[in-house]
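Enquirer:
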Amino acid sequence: MKYFSFHAEMAENENFQLPSKAELKKKLTAMQYHVTQEKGTERAFTGKYYKTSEAGTYSCVVCHQELFSSDAKYDSGCGWPAFRNVLQQGLVKLSKDTTHVGANLLLLVTDRSAGMVRTEVSCTRCGAHLGHVFNDGPLPAKTRFCINSAALHFEPHQVAVEANGTE
Ligand SMILES: [Zn+2]
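For the sequence shown, full-length UniProt numbering assigns the number 1 to the initial residue and increments by one for each residue that follows.
1) Three or more C-beta pairs under 8 Å: does that hold for the segment 135-144 against the segment 29-44?
2) Please classify R118 as buried or exposed, where buried requires at least 16 neighbouring CB atoms within 10 angstroms.
3) Mind reading off the beta-carbon distance from L87 to S69? Whole number of angstroms is fine, and I expect it under 8 Å.
4) Give me the residue from K142, S20, H157 with the minimum Cα distance to R84.
5) How would the residue list near ligand 1 read, in chain order, if you kept each one whose beta-carbon is closer than 6 Å to any heavy atom?
6) Give every residue of the same chain whose Cβ lies closer than 7 Å to the Cβ of H157, excluding the five residues on either side of it in the sequence, and list them in chain order.
7) Would V159 be called buried (16 or more neighbouring beta carbons within 10 Å of its own) or exposed?
8) In angstroms with no decimal places, state the Cα-to-Cα distance between A22 and C60.
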């Protein structure tokens, strides 16, 4: 329940200039544009990152704000990248998805069985739609951020190739 305190307070961030729709259309693929700007959803099991298990950081494909760590990623079997949590508070905004009747944060927090509730997840810096969050994830927090690959950019950690035996 703790993590639900994150919305609001944060958003007034830096001097990020959101590119115009026309610029974004050029910069993004059709699917990236559709997901982030039109709240689209890529088809399950078609995204670039749903199976990725490398160590690294996932950032917003539009503004490159870092959002999720591979440490929090797990295979939920749902066909989209799933994360237990965001890197830190304030990176994503949660809002009720009005396309679903009865979706409401309070319900999501209090009713542990509310698998039907959809809460939209978007980037606080640029407003890009990312995906949804559900509360049917793994214990203890049960949080499942179900995020479109098309909304993410993955940056693998630089792995230092060290010889064995040294620290
Ligand atoms: Zn963003």
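Idealized CB from N, CA, C, for every residue including glycine.
Expert: Straight from the coordinates:
1) No contact exists between the segment 135-144 and the segment 29-44.
2) It counts as buried.
3) That pair is a contact at about 6 Å.
4) In terms of Cα proximity to R84, the closest of K142, S20, H157 is K142.
5) Taken from the N-terminal end onward, the list reads C60, V62, C63, Q65, C123, R125, C126, A128.
6) Result list for H157: A55, G56, in chain order.
7) Label assigned to V159: exposed.
8) One C-alpha to the other measures close to 18 Å.
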